[in-house]
């Protein structure tokens, strides 16, 4: 299936999807870090993280949903696939789109793992 | 080379001694890590040698599949599993509960130790006694720079940070005198900032705690006590129950009952104590305590006899 309406490479800003996925990961990491740091700094030593861990987990769920949404766009608009047995070497509009879709999907996988690795300590460690 | 390296794996600082529940938890993780790493390393190197030597035709799809599963999926699972396991251990050894609470304050270069005694908290120094089989919660602070509290054979370690309180639990399982050290470089005599951790049966511990909480027993006409007062020792050191209430240096109320002198570095003998008083900076470079080389032989002997009587 030839994807439709895929923006052309740099001049129409199509690479944003590559940047957006790891940016969600970075944003989730920073927000989690800031929230926990401010929470723990404002409360006495050894305070509980119980209230905050669900905020971090909720942010994690939102981040993963957003990453999944971008993954869907990568598949639908760019024709992205998890390519294991094939290389994308075609020098054409379609080849470039497929390449961006493919890389976006890989970044989605990496970013979901990274967000999960940020959420896990929040769920396991119960105190500041 | 190997025997030199392995000398670190024995004795009272051995973190593989399994003398405490927390050390055992870390040791279990260590063995799984090291054995797992050995298996994976052998597999990878074996495959590399095989790939180099074999003349079998290359099958590209197989190789790619191997990279996806062996190079991406498996490491993610292994690292994720180890992360969770390590987190659970960290959570358990920093738990905020214990049968007993001991506060330890890191100073350059010694340890102020505060127990909850039968009649309220009291201070001692440089030697920690713990009841076997019970969990002790340590509440850790620092007075000047960052130190780190570590009894390798029992568990830990944990940073001691000025202005903050950190916590650590130790559940010693084996009796003995286990070495404790400062594990964060804190200045000149960092390597000489040590302590003894003596694990005893719970009944003996209670007896010791009551004795340690008691004030010093001093005869007012003891000539050594007079030297102690005349030289101003009480400005820095406390002898509970007397006018000596200095908070700067280690509490000396029962100093002779400790096994070591100078924060866990010299045997508690009259000879070492005598040298400590006259050559303090040589015994422990950069130590805050001034030396007292001007004491006459008789004064020094009286002072040492007096201090060695503080049991």
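Residue numbers (our numbering), protein chains in the order written: chain A, 1 to 128; chain B, 129 to 439. Every residue gets a Cβ at the ideal spot worked out from N, C-alpha and C, and that includes glycine.
If residue 296 of chain B and residue 286 of chain B are in contact, beta carbons under 8 Å, what's the gap, nearest whole angstrom? If you number the second chain from 1, residue 296 of chain B lands on position 168. If you number the second chain from 1, residue 286 of chain B lands on position 158. Rounded, the Cβ-Cβ distance is 4 Å, consistent with contact.
Between which residues of its own chain and residue 141 of chain B is the CB-CB distance below 6 Å, once the five residues before and five after are set aside? Taking the first residue of the second chain as 1, we reach residue 141 of chain B at position 13. Around residue 141 of chain B: 280, 307.
Taking CB distances under 8 Å as the criterion, tell me whether residue 99 of chain A reaches chain B. Residue mapping note: residue 99 of chain A aligns to position 99 of the first chain, counting from 1. The beta carbon of residue 99 of chain A does not come within 8 Å of any beta carbon belonging to chain B, so the residue lies off that interface.
Could you tell me the alpha carbon to alpha carbon distance between residue 47 of chain A and residue 268 of chain B, rounded to whole angstroms? Position 47 of the first chain, counted from the first residue, corresponds to residue 47 of chain A. Position 140 of the second chain, counted from the first residue, corresponds to residue 268 of chain B. The straight-line gap from Cα to Cα measures roughly 16 Å.
Do you know offhand how far residue 293 of chain B's Cα is from residue 115 of chain A's? Taking the first residue of the second chain as 1, we reach residue 293 of chain B at position 165. Taking the first residue of the first chain as 1, we reach residue 115 of chain A at position 115. The straight-line gap from Cα to Cα measures roughly 30 Å.
Can you give, in chain order, each stretch of the alpha helix (DSSP H) that sits fully within the region 342–373 of chain B and has at least 4 residues? 351–358
Can you list the alpha helix (DSSP H) stretches of 4 or more residues lying completely in the region 380–407 of chain B, in chain order? 398–406
Buried or exposed: where does residue 424 of chain B fall if 16 or more other Cβ atoms within 10 Å of its Cβ makes it buried? Here the question's residue 424 of chain B lines up with position 296 in the second chain. The residue is exposed, with fewer than 16 neighbouring Cβ atoms inside 10 Å.
What distance in whole Å lies between the Cβ atoms of residue 17 of chain A and residue 70 of chain A, which are believed to be in contact at a cut-off of 8 Å? Reading the first chain from its first residue, position 70 is the one you call residue 70 of chain A. Reading the first chain from its first residue, position 17 is the one you call residue 17 of chain A. Indeed they touch by this definition, with Cβ atoms about 6 Å apart.
Less than 8 Å between the beta carbons of residue 343 of chain B and residue 315 of chain B, yes or no? Taking the first residue of the second chain as 1, we reach residue 343 of chain B at position 215. Taking the first residue of the second chain as 1, we reach residue 315 of chain B at position 187. Contact flag unset, no.
Show which residues of chain B have a CB atom less than 7 Å away from the CB atom of residue 38 of chain A. Here residue 38 of chain A refers to the residue found at position 38 when the first chain is read from its first residue. The contacting residues do not exist; residue 38 of chain A stays about 16 Å from chain B at best.
On a Cα-Cα basis, can you pick out the residue from B:258, B:192, B:272 that is closest to residue 335 of chain B? Taking the first residue of the second chain as 1, we reach residue 335 of chain B at position 207. Residue 335 of chain B has its Cα closest to that of B:258, out of B:258, B:192, B:272.
Give a yes or no on whether 8 Å exceeds the smallest Cβ distance from residue 85 of chain A to chain B. The sequence position of residue 85 of chain A within the first chain is 85, counting from 1. Yes, because at least one Cβ of chain B sits closer than 8 Å to the Cβ of residue 85 of chain A.
Nearest-angstrom beta carbon gap, residue 406 of chain B and residue 420 of chain B [assumed within contact, 8 Å]: In the second chain, residue 420 of chain B corresponds to position 292, counting from 1. In the second chain, residue 406 of chain B corresponds to position 278, counting from 1. So it is a contact: roughly 6 Å between Cβ atoms.
So is residue 52 of chain A in contact with chain B if we call contact Cβ pairs under 8 Å? Along the first chain, one-based indexing puts residue 52 of chain A at 52. Closer than 8 Å: no.
How would you label residue 270 of chain B, buried or exposed, when you count the other beta carbons within 10 angstroms and need 16 or more for buried? Taking the second chain and counting its residues from 1, the one referred to as residue 270 of chain B is at position 142. Counting Cβ neighbours within 10 Å, residue 270 of chain B comes out buried, since at least 16 surround it.
My assumption, with CB atoms under 8 Å, is that residue 278 of chain B sits in contact with residue 319 of chain B. Please give the rounded CB distance. Here the question's residue 278 of chain B lines up with position 150 in the second chain. Here the question's residue 319 of chain B lines up with position 191 in the second chain. That pair is no contact at about 13 Å.
In the region 138–226 of chain B, which residue ranges form an unbroken alpha helix (DSSP H) of at least 4 residues, counting only runs that do not cross its ends? Correct list: 149–181, 188–194, 202–221.
Thinking C-alpha only, which one of A:39, A:34, A:41, A:126 is nearest residue 215 of chain B? By 1-based counting over the second chain, the position of residue 215 of chain B is 87. Minimum Cα distance to residue 215 of chain B is reached at A:126.
Return the first residue and the last residue of the alpha helix (DSSP H) that residue 121 of chain A is part of. Here residue 121 of chain A corresponds to residue number 121 of the first chain, with the count starting at 1. From DSSP, the alpha helix (DSSP H) with residue 121 of chain A extends over 93–124.
Proximal chain A residues relative to residue 185 of chain B, where beta-carbon distance stays under 8 Å: By 1-based counting over the second chain, the position of residue 185 of chain B is 57. None at all; the shortest Cβ gap to chain A is about 17 Å.
Do residue 364 of chain B and residue 376 of chain B count as a contact pair if the criterion is CB distance below 8 Å? Sequence index remark: in the second chain, residue 376 of chain B carries index 248 (1-based). Sequence index remark: in the second chain, residue 364 of chain B carries index 236 (1-based). Judged by their CB atoms, residue 376 of chain B and residue 364 of chain B are nearer to each other than the 8 Å cut-off.
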